[in-house]
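What follows is a single structure, written as structure tokens, with notes after it.
In our numbering, the protein residues as written are 4 to 179.
Structural data, given as structure tokens:
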């Protein structure tokens, strides 16, 4: 690859890294063409951008953006594909769903190498379950709204039921 081409690729990676707040470093080596196509289709459906990168070019792109990403250098060995996403747990769920049918003891691909999610680093495949359980912004907002609505619903329900009870009691007394 020529030096000009490398500069262009580093520039594109830098822009993509700035555009997406979350990214996962994965290993998709040894996936055949059929499985790779299936993975790319799933990524498209879930609005995850999948890019296969050279480790040195990704390191240089990470140096171009604000922040210290040296924690990820451990994972930048071998083949690396980057999954970019606006939703924090979308790539983790995609990896888990894609690999759930794998046979026990078999090498599971795509494999999580590292992730940068919500300004935190997760290095190693053992963090996949934790990443799956991270709630997205919309899920957190829905939880807060549900928590805020619950006491109000209980008060309204209690007022309505006690109002009917008092009304029924007064009506019974009136009839006697």
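Positions of the beta carbon are idealized from the N, C-alpha and C atoms, including for glycine.
(request) Would you kindly report the start and end of the unbroken beta strand (DSSP E) that includes residue 123? (result) That run of the beta strand (DSSP E) goes 123–126.
(message) I'd like the ranges of any alpha helix (DSSP H) spanning at least 4 consecutive residues and lying wholly in the region 11–68.
(response) Correct list: 36–48, 58–67.
(message) Is it buried or exposed, residue 141, if we count other Cβ atoms within 10 angstroms and call 16 or more buried?
(response) So residue 141 ends up on the exposed side.
(request) Using three-state DSSP, classify residue 116 as helix, strand or coil. (result) Judged by DSSP in its simplified three-state form, residue 116 adopts strand.
(message) Spatial neighbours of residue 43 within its chain, please: C-beta separation below 8 Å, excluding the five flanking residues on both sides.
(response) In its chain, beyond the 5 residues on either side, 53 have a beta carbon closer than 8 Å to the beta carbon of residue 43.
(message) Less than 8 Å between the beta carbons of residue 121 and residue 91, yes or no?
(response) Closer than 8 Å, so yes.
(message) Just to confirm the assignment, what range does the beta strand (DSSP E) spanning residue 91 have?
(response) Element bounds for residue 91: n/a, residue is neither H nor E.
(request) Can you check DSSP and say which residues form a bridge with residue 85? (result) Paired residue(s): 28, 54.
(request) Rounded to whole angstroms, what's the CA-CA distance from residue 26 to residue 89? Just pull it up for me. (result) Going by the C-alpha atoms only, they are around 9 Å apart.
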